[in-house]
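Let me begin by presenting the structure, written as structure tokens, before commenting on it.
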Amino acid sequence: MNLREFLLFALAGWTAIGAAGVTISLARRERSKALRNLLWILGVWAVYMAVLLWASRTQPQKVVALGQDQCFGEMCFAVTGAQEMPGPTGDGSRLVRVSVRLSNHSAEKSQSDGRIRAYLVDGRGRSWAESAAVSGVRLTARLTAGSSAVSQPVFRVPRDTAGLALVFTHGHGWPGALVIGDSDSLLHRRTVVRLGM
98 MNLREFLLFA LAGWTAIGAA GVTISLARRE RSKALRNLLW ILGVWAVYMA VLLWASRTQP
158 QKVVALGQDQ CFGEMCFAVT GAQEMPGPTG DGSRLVRVSV RLSNHSAEKS QSDGRIRAYL
218 VDGRGRSWAE SAAVSGVRLT ARLTAGSSAV SQPVFRVPRD TAGLALVFTH GHGWPGALVI
278 GDSDSLLHRR TVVRLGM
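Sequential numbering from 98 applies to the sequence shown in the working numbering.
Here you go:
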């Protein structure tokens, strides 16, 4: 857990304690005290959200080089290459296979990142999820301590795509959407790996 995640969880804990205080004040019919505490909670969250949105809009998009690790805890992912798969698709699309090195940097325990997902974006902002008919090592594979493996997700994209890049995500829900400066946070420009295609 990094400092920004700790800040969010500390704020969530403080909010839970504050909400309990508001509930107790209302049960004791201390409406003015309950309102004052509620306004404090709302005010602190308003400031937090303003900082989050400001950071999301002012930080430049991060571009990660091919072969460079992106780590989520001790699980790291590095795009090592991409290629168009040969053969007709029959619907005017093309299949792109991306090679991703998965590494467990823990010295002690087997791990996986069950929430990690990847999708492709192009220069026009369109996006495509991983093809459902994928076999082999998945991005969510469990690795023993200190080991690595290669996953090769496949994406079906239109023939007119250019400027393809891969994005790793944990989704846009809790907690990533509310972590200041996180690639998954609200309105943040996603961290991308340009594929040169």
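C-beta: ideal position from N, C-alpha, C; glycine also.
1. I'd like the span of the beta strand (DSSP E) that includes Ala262, first residue to last.
2. Please state whether the Cβ-Cβ distance between Gln249 and Arg194 is less than 8 Å.
3. Compute the beta-carbon to beta-carbon distance between Asp279 and Arg101, rounded to the nearest angstrom, for a pair I have assumed lies under 8 Å.
4. Can you check DSSP and say which residues form a bridge with Trp225?
5. Determine the contact status of Arg253 and Leu292, defining contact as a CB-CB distance below 8 Å.
6. Give me the residue from Arg286, Ala259, Gly260, Pro255 with the minimum Cα distance to His269.
7. Based on the DSSP output, what are the partners of Asn201 in its beta bridges?
8. For Gly110 and Ser207, what's the separation of their Cα atoms in angstroms?
9. Here's a check: name, in chain order, each residue in its chain whose Cβ is nearer than 8 Å to the Cβ of Leu240, leaving out the five neighbours to either side.
10. Exposed or buried, what is Gln167 when buried is set at 16 or more other beta-carbons lying within 10 Å of its beta-carbon?
11. What does the alpha-carbon distance come out to for the pair Leu149 and Asn99?
12. With distance defined between alpha-carbon atoms, name the residue in Leu284, Ala242, Val218, Ala152 nearest to Leu261.
13. If you run the structure through DSSP and keep just helix, strand and coil, what is Thr288?
14. Quick one: give me the first and last residue of the beta strand (DSSP E) that Ala246 is part of.
15. DSSP on Val119, reduced to helix/strand/coil?
16. Could you spell out where the beta strand (DSSP E) holding Val254 opens and where it closes?
17. Since Gly164 and Thr177 should fall inside the 8 Å C-beta cutoff, what is the C-beta to C-beta distance between them, to a whole number of angstroms?
This is what the structure holds:
1. If you number the sequence shown from 1, residue 262 lands on position 165. That run of the beta strand (DSSP E) goes 262–266.
2. For the purposes of this step, residue 249 is taken as the residue at position 152 of the sequence shown. For the purposes of this step, residue 194 is taken as the residue at position 97 of the sequence shown. Yes, Cβ-Cβ distance for Gln249 and Arg194 is below 8 Å.
3. Residue numbering aside, residue 279 sits at position 182 when the sequence shown is read from its first letter. Residue numbering aside, residue 101 sits at position 4 when the sequence shown is read from its first letter. Their Cβ separation, rounded to whole angstroms, is 7 Å, which keeps Asp279 and Arg101 in contact under 8 Å.
4. Position 128 of the sequence shown, counting from 1, holds the residue named residue 225. In DSSP, Trp225 forms a bridge with Leu217.
5. Stepping through the sequence shown from its first residue, residue 253 is reached at position 156. Stepping through the sequence shown from its first residue, residue 292 is reached at position 195. Cβ atoms of Arg253 and Leu292: not closer than 8 Å.
6. Within the sequence shown, residue 269 is the residue found at index 172, counting from 1. Closest by alpha carbon: Arg286.
7. Along the sequence shown, read from residue 1 onward, the residue named residue 201 stands at position 104. Partner(s): Met172.
8. Taking the first residue of the sequence shown as position 1, residue 110 is located at position 13. Taking the first residue of the sequence shown as position 1, residue 207 is located at position 110. Going from the Cα of Gly110 to the Cα of Ser207 covers about 30 Å.
9. Sequence index remark: in the sequence shown, residue 240 carries index 143 (1-based). Taken in chain order, the residues that qualify are Met172, Leu199, Ser200, Asn201, Ser207, Gln208, Ser209, Ala246.
10. Here the question's residue 167 lines up with position 70 in the sequence shown. The residue is buried, with at least 16 neighbouring Cβ atoms inside 10 Å.
11. One-based indexing of the sequence shown puts residue 149 at position 52. One-based indexing of the sequence shown puts residue 99 at position 2. Going by the C-alpha atoms only, they are around 16 Å apart.
12. By one-based count along the sequence shown, residue 261 stands at place 164. Minimum Cα distance to Leu261 is reached at Val218.
13. The residue labelled residue 288 in the question sits at position 191 within the sequence shown. Three-state result, Thr288: coil.
14. For the purposes of this step, residue 246 is taken as the residue at position 149 of the sequence shown. Unbroken beta strand (DSSP E) run through Ala246: 245–248.
15. As a first step, residue 119 is located in the sequence shown; it is residue number 22 there, counting from the start. Looking at Val119 - three-state DSSP - the assignment turns out to be helix.
16. Locating residue 254 in the sequence shown gives position 157, counting from the first residue. Per DSSP, Val254 belongs to the beta strand (DSSP E) from 251–255.
17. For the purposes of this step, residue 164 is taken as residue 67 along the sequence shown, with counting starting at 1. For the purposes of this step, residue 177 is taken as residue 80 along the sequence shown, with counting starting at 1. Their Cβ separation, rounded to whole angstroms, is 6 Å, which keeps Gly164 and Thr177 in contact under 8 Å.
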